[in-house]
Structure formats: C-alpha cells, structure tokens
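J.: I am attaching a structure below and will ask some questions about it afterwards.
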Amino acid sequence: MTTMSRRTFVVGGVAAGALVGGVAGFSAARQTEPAEAASVSTGTEPFYGDHQSGIATPQQDRLLFAAYDLTTSRRDDVEGLLREWTAASARMMAGDDAAPPAAHPDSPPADTGEAIGLDPAHLTLTFGFGPGLFTRNGQDRYGLASSRPAALADLPHFVGDALDPAHSGGDLCVQACSNDPQVAYHAVRNLTRIARGYATLRWTQQGFGRTSSTTSDQGTPRNLMGFKDGTNNLHADTAPFNDNVWVTPADGPAWMAGGSYLVARRIRIRIEIWDRSSLTDQEVTIGRNKIEGAPLGKLHERDVIDLAAVGSDGQPAIAQEAHVRLANQDANGIHILRRGYSFTDGIDPQTGQLDAGLFFLAYQRDPRRQFVELQRKLASDKLNEYIQHVGSALFAIPAGVTGPGRFVGDSLFS
Amino acid sequence: MSRRWFALLVVPVLFAAACSDDSSKSSSASTAGGAAEKQEFKVTISDAGCEPREIPAKAGPATFKVTNDGSAAVTEFEILDGTKILGEVENVIPGSERSFSLTLKPGSYVTYCPNAKVDKGVLQVADAPAAAAADSEASQAAVKKYRDYVKSEADQLVTAVTPFVAAVKAGDVEGAKNLFAKARQHYEAIEPIAESFGDLDPAIDIREPDVEKPEDFTGFHRIEKQLWADGNTSGMAPVADQLMADIARLRPKIDTVELEPSTIANGAVELLNEMSTSKITGEEDEFSHTDLSDFAANLVGSKAAFDSVKTLLDAKDAALSTQITQRFADVQTALDAFKGNDPTGNGYVLYTSLTPENTRQLSTVLDTLAEPLSLVAARLL
Chain X
7 MTTMSRRTFV
17 VGGVAAGALV
27 GGVAGFSAAR
37 QTEPAEAASV
47 STGTEPFYGD
57 HQSGIATPQQ
67 DRLLFAAYDL
77 TTSRRDDVEG
87 LLREWTAASA
97 RMMAGDDAAP
107 PAAHPDSPPA
117 DTGEAIGLDP
127 AHLTLTFGFG
137 PGLFTRNGQD
147 RYGLASSRPA
157 ALADLPHFVG
167 DALDPAHSGG
177 DLCVQACSND
187 PQVAYHAVRN
197 LTRIARGYAT
207 LRWTQQGFGR
217 TSSTTSDQGT
227 PRNLMGFKDG
237 TNNLHADTAP
247 FNDNVWVTPA
257 DGPAWMAGGS
267 YLVARRIRIR
277 IEIWDRSSLT
287 DQEVTIGRNK
297 IEGAPLGKLH
307 ERDVIDLAAV
317 GSDGQPAIAQ
327 EAHVRLANQD
337 ANGIHILRRG
347 YSFTDGIDPQ
357 TGQLDAGLFF
367 LAYQRDPRRQ
377 FVELQRKLAS
387 DKLNEYIQHV
397 GSALFAIPAG
407 VTGPGRFVGD
417 SLFS
Chain L
69 MSRRWFALLV
79 VPVLFAAACS
89 DDSSKSSSAS
99 TAGGAAEKQE
109 FKVTISDAGC
119 EPREIPAKAG
129 PATFKVTNDG
139 SAAVTEFEIL
149 DGTKILGEVE
159 NVIPGSERSF
169 SLTLKPGSYV
179 TYCPNAKVDK
189 GVLQVADAPA
199 AAAADSEASQ
209 AAVKKYRDYV
219 KSEADQLVTA
229 VTPFVAAVKA
239 GDVEGAKNLF
249 AKARQHYEAI
259 EPIAESFGDL
269 DPAIDIREPD
279 VEKPEDFTGF
289 HRIEKQLWAD
299 GNTSGMAPVA
309 DQLMADIARL
319 RPKIDTVELE
329 PSTIANGAVE
339 LLNEMSTSKI
349 TGEEDEFSHT
359 DLSDFAANLV
369 GSKAAFDSVK
379 TLLDAKDAAL
389 STQITQRFAD
399 VQTALDAFKG
409 NDPTGNGYVL
419 YTSLTPENTR
429 QLSTVLDTLA
439 EPLSLVAARL
449 L
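So the sequences go chain by chain: X and L.
Sequence positions in the first sequence follow the working numbering and run 7 to 420.
Sequence positions in the second sequence follow the working numbering and run 69 to 449.
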C-alpha cells in the first residue's frame, strides 16, 4: 500500500479499499469524483530536478500559499521538518497520499484524505526561506546567520505601502499550485500538520485564478480589473528567463546556486472605485485597450508597445504615468517572472467593500536590482489610485532536490 | 492626499464612449450622453473597402454601425487619429453588424478597414453645430459657478490657516490642535483642484506613508504628527511658514484650471473616492483622528461640484439628478449621526470612537451615492 497512488486508487478503487480495512468506506465513497477531476487539466509535475517546480512550470490555475513562523529553537528540528516536507511533497506531487497509511485503524489517518481520488492536476510545491530563518530580532537562532544571502535584504518601504503584519513576512513558505484547488489545499493542510511543534502558520493566501502566462503557448488571462495581465511576462521557454530567474554559482552564496528569490505582495484592488471609473480613465491608467489588450495606439495585444507614439493632440498615446510605460520591462531593462493570482477574501469589515485583488508573486535572481528597482519606478503609477499593497514577504528559494535521499535546502544545512 | 484627476481627464481629445456588439445598448448609451443631436453612421465593409469612403460628421456623440457585406478577409473597422486608435470593431463576420460609439471632436481622421483593396477613408468632423451654442452657455454658467465656489473656498482656506500657523509658531500646542481640522476643511472641499497644480498638493497634504524621502514630509500632516505624536511644536516654524506660503499660491492659480462640466462631475466622484479610501479607513489623519471633519468637507465639496452642473443634468436626465440629490441627503444624514464635541474634532467625533459597524455603514451609503454620480460626466458630454 505504501506505493499506492491516488490515481491508481481511482482505477482500482473498490478492490484497494477492501485491502485497507478501516479506510475502505472512505475511499469507496470517493468513487464519483474522477468525472469532476477530468474537467481540469490532469497530470503530474516532476518533484526532483535542478530547480524547484512551480517556477518554470506552466502556471496552474489555482494557488494556496502558506507562510510559517518557526517555533522551535533547535536547528535539528528545522532540518528534520524540511526532510519530512520533502518526503511528503515528493509523494503528493506524484499523486500519492502525504504519508503511508497508519498501521492501525485506531490511529488517526496519516493522510487527511480530501485528495483521495483526485488527479494531482499538475500540483507543484515550492519551498522558501524567509529572513527569519537566518536572523530574527537580531538573534542567530539556528547558526545560519552567516549564510544569509545578501540578496535576501529586507525590502524597503515603498510609497503608498500599507502593510498588515497579518499578511506579511514568514520564516518559511510553501507555494502550492494545482489546477484543482482541493489538491492544493490538501497539500498545505498536510504540510502544516507535519510542521506542528516546529512551525505554525503565520498567514495563507488563496488564489482562484492565474493572472500571468509563464509559457509562450499559454493565453493571457485577465486580472480583476478586467484587463489582460502579464502579456510581456518572461516565458520559461525563452532565453531571458534563465538569466533573470535563476541564481548562478557566481552570484553566491554557494548554497543558493540554482535557486531564486520570491517576492510576494498582497495587492488590494479598490474594486468599487475602479468599477465607477470611465473606460477612458481605465485605459489611460493601464495604457492598454481593455477588450483587445492592445497597447494604446496599437491594434493587437502582442504589438510592441510604442512609448514614443503621439496622437494628433500632441500628447503621448500612452500617458507618462500609465502603468505599462512605467512597468515596461523592455524600456527599463528589468525583467522578473510574474506568477500571480487573483484573490477574493470576502469583505473588508471596516467598509463592507470587497477584499479582493492581486496576489503578486515574482521570481527573480536578485530582488535588490529587480523587484526593488521596478517597484520604485512605479511610485508615480496612475494605477496607485486604485490599488494598495497590504501584504509583503520575501523568500530565498533554494535549488531543486536532485534525488531521493536529499531534502529541500540541504546544501544550506550541510 | 489623493492623486490627480484633472490632469488625467483633459488628455483624451476624443474617446470611445462604448464598444459593444449589442448595437441597441451602444446607441442608447450614446443617446443618453447626447449633448448635441444624435448622429448615426452606417458603414459597410467588403473586400473592396469600407463604404462610404468619406464620412462628413459634426462634433458630438456619434454611433457607427458596421455591417460586413460578405467578406471573409475584411472584418475590422477602425477610426484612427495618426497612429492612435480612437474606436474600432473587430470580428465583424459576414452578414453581421457591430457598433461602437464615440464623442467626436472637430478634425480630420482616417477610417481603416485592414486587408481591403482600398483600406483607408476619411472622417471629417466639422465644428460643433449651432444648436450646441445655447448648451455651451449653460455649460459656461456651470463652470463659472464651480470656479467661484473654489475661489471662495481658497479664500476661506487662507483665513482658516492663518491662526493655525500662528498657534504653531507660538508653541501653543492645544490651540493648534483645536484649529487643525478647521484649517483643513476648506482644503478638503476643493482638494481635486489643488491636485491639478503639480507639487502643490503633496507639499500641502502628503501623508507619511506616501513620502519617498523624509525631507519631503511637509504640510498639514507633518505638523499633525508633531502636535499629536510628539506633543510639541519643535522645529515646526519653517514648516508652518511653508504651509502658509503654499496655501497662498493656490488662489491665483484657480483661474488657470481647465474646467468642463464633465470634469467637475468627475471631481465630485473623486471626492467621494477620497472619502471611501482614506477617510473611512482613518488613514488620512492617523495622528489626530479628525478624519470625519475631512469626510464632511469632502462631502460638502462633492455636493458643491454636483450642484454646479445639476441644471445641465436636469435637462438631460432628471431622474438621475433626483436620485443623486436624494443620496447626497442620505450620506449627510448618516454622517450627522456622528456629530460630537471633542475640541479637536471640528463638530464631529474622533475616528477612534467609530466601530467597524459605523464605518461600514458610512462606507456603504457612500458607495450608494458614488455609483450614480459616476454616470453624470458622460451625460454631460
């Protein structure tokens, strides 16, 4: 049974259920689910590799992101936790349960069960280390302070930031992406269970729709402003991706080679105000046409943005403070991989307005010269009238786990 | 402080009012916004080109109904101003009709149907028709009414800031605190106008989280922080002098602001947006908690802007005008429940005494007003 995958379970459901005694009734009850799972893109992503999955992977439709505070004071516990997370992740990404079933039916099930019968739908689990793993409140908690990468420098205050500590920071993170939200939820739930006694959840963020395309053959999705987002994103199948996303051995420290850095920003969209802004204001703010997604002054989405174009009124076709002008990655020479998701978290109790927006996730080789520089350029962005950054976190993403016996981030601990 | 809106709104010379494949919906939007006579143009696209090749038009709202006369290759029709697309329809498949609406300004434009044998034509827009002249007199009256209001508020602002600055410079902390909200209210009433003067609004009203460099933290909120967070006026004399000087620079600039009825109507909405983003959240006056005084002043300013264009709106959409008037009253009633006697509150309770239920109630009634108010600008074009 230890190698029984969830997909095998679907096929051999009843027979397998009969074999595992106490779990049988539960698994048999899930037999109606494959039809539902078939409506989402199915398949698995490889867990082992030079880089962690969930970065260059074609972006899945759903996200559950979790940030953790380490509660243990022992370095061995942290290492042990990462070993357990690695083992469970390799299993879950392959479509298995998080752990082999418990030996005795009087024990609680080792796996929480809600993903039984579900296809992994390209589940990826990506792990990161926040500044607090290295130093917290000036303390070197695990003897790792000297290994903290210079690029993992605390982000500065940006104009307009209104950061809520309840949606910011974290010593560790897991980005769970799948085309099936229940699969992503199952993974984070089980990883959180494994972490008990060593780390507690600090905050989570669910994303219900991807807002970027990360490969050339993915269509450009729309964000909650109704505009196509991420048209000019880095694409995993192009050359600039490797130069701008992966840390090289020369970048240092050595343990980060093959890794990346993740900036997470919870960006609230002032939905009600955006919705009562005229179409012209919306298009001038973004610098693109809303329906087609074409840069203003151009016809089609993929047309190259012409920042010099001028209308007959002598004004630039794309306003000086339009979002696409300031954020244009070709014009300012800064490239990041955006891998964000739309979110909606009910209503803001203070105003009754929708608490919704963009959970911005960006991977890069060095945040100091990528995200930080880019965000500074956006200080005068017209879009700032309609958005507010309310959460922020920064993580070092170690290289991939190259094979069984190793664990995520092991080169930091060796 | 918020961000500028006049700068944004004067940019487009001519813009799409609606773009839809539902022609009835599109043309009704055009009718509702119709300042002058309604214009409708039928355009036929075919392999040969777009007919008519030359379209004479008058300034004002116009709807283009585009029919495909059986061409598989030619399925788009665009109106171009140089390289800028002013309006277009795409995917007009053979036998179908799609439409879009524009507000035309005088000038010569290119019509373009890609892939046709003759793919370009001319749209010639003549000056506004005579019928619009009377309309424009009423428009001018509306603009004058609002400009006079703004001038009067700017004068009262100088009068109210003078004793505040004097108290700060005299080291009178309690006196200055009691004058802070009073001094700000005339600024808050006309804030969108001040925002159109470049650096003036940040200098006067920037909030600490919006400051890039510490030395740029000046104006009302810098003094507010010193008075409430530090409890003194140490180092504030030059800041107060600068505030007085910046305030005095406002008044003479008001004659130069480009105003149209539609921009005034948008200004009324912007003031409500201000209220719902920074006042209702307590972010504006984070040290003094006098946000409700600002909230009240924004409302007064928004109502004054609306009242300036109300006569114009009455002629175009009386029902909308009545609805908005009622909802202004609803917001005022909701706000009146929070009158108070705190010496610093300028007639209102401090933000810190509001419960989440209170702010939510205010926010909801505000959104209820802002939604119909946001429709006014297009009606006045």
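Beta carbons are placed, not taken as given, at the ideal position from N, Cα and C, and that holds for glycine.
Which of the residues in the segment 137 to 155 of chain X, read from start to end, lie with their CB under 9 Å from any CB of chain L?
T.: Within the segment 137 to 155 of chain X, no residue has a Cβ that lies closer than 9 Å to any Cβ of chain L.
J.: Which residues of chain X have a Cβ atom closer than 9 Å to the Cβ of serine 344(L), listed in chain order?
T.: Chain X residues near serine 344(L): Arg276, Glu278, Ile279, Thr357, Gln359.
J.: Decide yes or no for the touch test of the segment 370 to 379 of chain X against the segment 99 to 111 of chain X: beta carbon pairs closer than 8 Å, at least 3 of them.
T.: The segment 370 to 379 of chain X vs the segment 99 to 111 of chain X: no contact.
J.: Measure the Cβ-Cβ separation of glycine 415(X) and proline 404(X) and say whether it is below 8 Å.
T.: Yes. Within cutoff.
J.: Of all the CB atoms in chain L, is at least one closer than 8 Å to the CB of glutamate 425(X)?
T.: Not covered by the structure: residue 425(X). The range shown for chain X is 7 to 420.
J.: Compute the Euclidean distance between the alpha carbons of glutamate 352(L) and alanine 249(L), then round it to the nearest angstrom.
T.: Taking the straight line joining both Cα atoms gives about 12 Å.
J.: With respect to the beta strand (DSSP E) encompassing tyrosine 191(X), which residues constitute its N-terminal and C-terminal limits?
T.: Looking at the DSSP string, tyrosine 191(X) is not in any beta strand (DSSP E); the run it does join, the alpha helix (DSSP H), is 187 to 201.
J.: Would you say phenylalanine 83(L) reaches chain X, if we count a Cβ-Cβ gap shorter than 8 Å as a contact?
T.: Because the pLDDT at phenylalanine 83(L) is just 33, under 50, the model does not fix this residue reliably, and the value given afterwards should be weighed accordingly. It does; some Cβ of chain X falls within 8 Å.
J.: In this structure, how does DSSP classify isoleucine 348(L) when only helix, strand and coil are distinguished?
T.: Coil, per DSSP.
J.: How about valine 142(L) and arginine 166(L): are their beta carbons less than 8 Å apart?
T.: The answer is no: Cβ separation not under 8 Å.
J.: Which one or two residues does DSSP pair with serine 398(X) in a beta bridge?
T.: Per DSSP, Arg271(X).
J.: Counting only C-beta atoms, is glycine 150(L) closer than 8 Å to chain X at any point?
T.: Interface residue, yes.
J.: Counting only Cβ-Cβ distances shorter than 7 Å, please list the residues of the segment 163 to 182 of chain X near chain L, keeping chain order.
T.: Correct list: Val165, Gly166, Asp167, Ala168.
J.: If we cut at 8 Å on Cβ distances, does valine 444(L) have a partner in chain X?
T.: No, because no Cβ of chain X sits closer than 8 Å to the Cβ of valine 444(L).
J.: With a CB to CB cut of under 7 Å and the five nearest residues on each side skipped, what residues in its chain are close to asparagine 229(X)?
T.: If we look at asparagine 229(X) and ignore the five residues flanking it on each side, its Cβ neighbours are Thr217, Asp235, Ser348, Leu364.
J.: Count the other CB atoms, across all protein chains shown, that sit within 10 Å of the CB of threonine 390(L); report buried if there are 16 or more and exposed otherwise.
T.: Exposed, by the Cβ-count rule.
J.: Between the segment 176 to 192 of chain X and the segment 113 to 127 of chain X, do at least 3 Cβ pairs fall closer than 8 Å?
T.: Contact holds: three or more Cβ-Cβ distances are below 8 Å.
J.: Are the C-beta of glutamate 165(L) and some C-beta of chain X separated by less than 8 Å?
T.: So no, glutamate 165(L) is outside the interface.
J.: Tell me which same chain residues have a C-beta within less than 6 Å of the C-beta of aspartate 395(X), skipping the five on either side of it?
T.: Reading the sequence as shown, one finds histidine at residue 395(X) and not aspartate. Only Asp167, Arg271, Ile273 meet the Cβ criterion.
J.: Once DSSP output is grouped into helix, strand and coil, what is the label at tyrosine 180(L)?
T.: Tyrosine 180(L) falls in the strand class under three-state DSSP.
J.: Consult DSSP for serine 361(L) and reduce its assignment to one of helix, strand or coil.
T.: Of the three classes helix, strand and coil, the one that applies to serine 361(L) here is helix, per DSSP.
J.: Tell me the DSSP secondary structure of lysine 407(L) in three-state form.
T.: Here lysine 407(L) sits in strand by DSSP.
J.: Between asparagine 338(X) and valine 378(X), what straight-line distance do the alpha-carbon atoms span, to the nearest angstrom?
T.: About 13 Å.
J.: In chain order, what residues of the same chain have a beta carbon less than 7 Å from the beta carbon of leucine 443(L), not counting five sequence neighbours either side?
T.: The residues are Leu388.
J.: Give a yes or no on whether the C-beta atoms belonging to threonine 179(L) and isoleucine 123(L) are separated by under 8 Å.
T.: In contact: threonine 179(L) and isoleucine 123(L) (Cβ atoms closer than 8 Å).
J.: Tell me which residue opens and which closes the beta strand (DSSP E) that leucine 367(X) is part of.
T.: Its beta strand (DSSP E) spans residues 360 to 370.
J.: List the DSSP bridge partners of valine 157(L).
T.: Phe145(L), per the DSSP bridge assignment.
J.: As an exercise, report each continuous beta strand (DSSP E) stretch of at least 3 residues that is fully enclosed by the segment 263 to 311 of chain X, in chain order.
T.: As far as the segment 263 to 311 of chain X is concerned, its whole beta strand (DSSP E) runs of at least 3 residues are 266 to 275.
J.: Thinking lysine 173(L) and alanine 127(L) are a contact (beta carbons under 8 Å), I'd like their distance in whole angstroms, please.
T.: With 8 Å as the limit, lysine 173(L) and alanine 127(L) qualify as a contact, their Cβ atoms being about 6 Å apart.
J.: State the DSSP-derived secondary structure class of proline 424(L), mapped to helix, strand or coil.
T.: Of the three classes helix, strand and coil, the one that applies to proline 424(L) here is helix, per DSSP.
J.: Based on Cα-Cα distance, which residue from Val190(L), Thr151(L), Gln429(L), Gly408(L) lies nearest to leucine 313(X)?
T.: The residue with the shortest Cα to Cα distance from leucine 313(X) is Thr151(L).
J.: From the DSSP secondary-structure annotation, give me the bridge partner or partners of arginine 216(X).
T.: Beta-bridge pairing links arginine 216(X) to Tyr347(X).
J.: For aspartate 362(L) and leucine 88(X), I'd like the C-alpha separation in whole angstroms.
T.: Cα-Cα distance, rounded: 52 Å.
J.: Measure the alpha-carbon distance for glutamate 278(X) versus threonine 393(L) and round it to whole angstroms.
T.: Answer to the nearest angstrom: the Cα atoms are 21 Å apart.
J.: Between the segment 405 to 433 of chain L and chain X, which residues of the former have a C-beta closer than 7 Å to a C-beta of the latter?
T.: Residues passing the 7 Å Cβ filter: Pro424, Thr427, Arg428, Ser431, Thr432.
J.: Please give me, in chain order, every unbroken run of the alpha helix (DSSP H) with length at least 4 that falls completely inside the segment 43 to 98 of chain X.
T.: Counting only runs of 4 or more, we get nothing.
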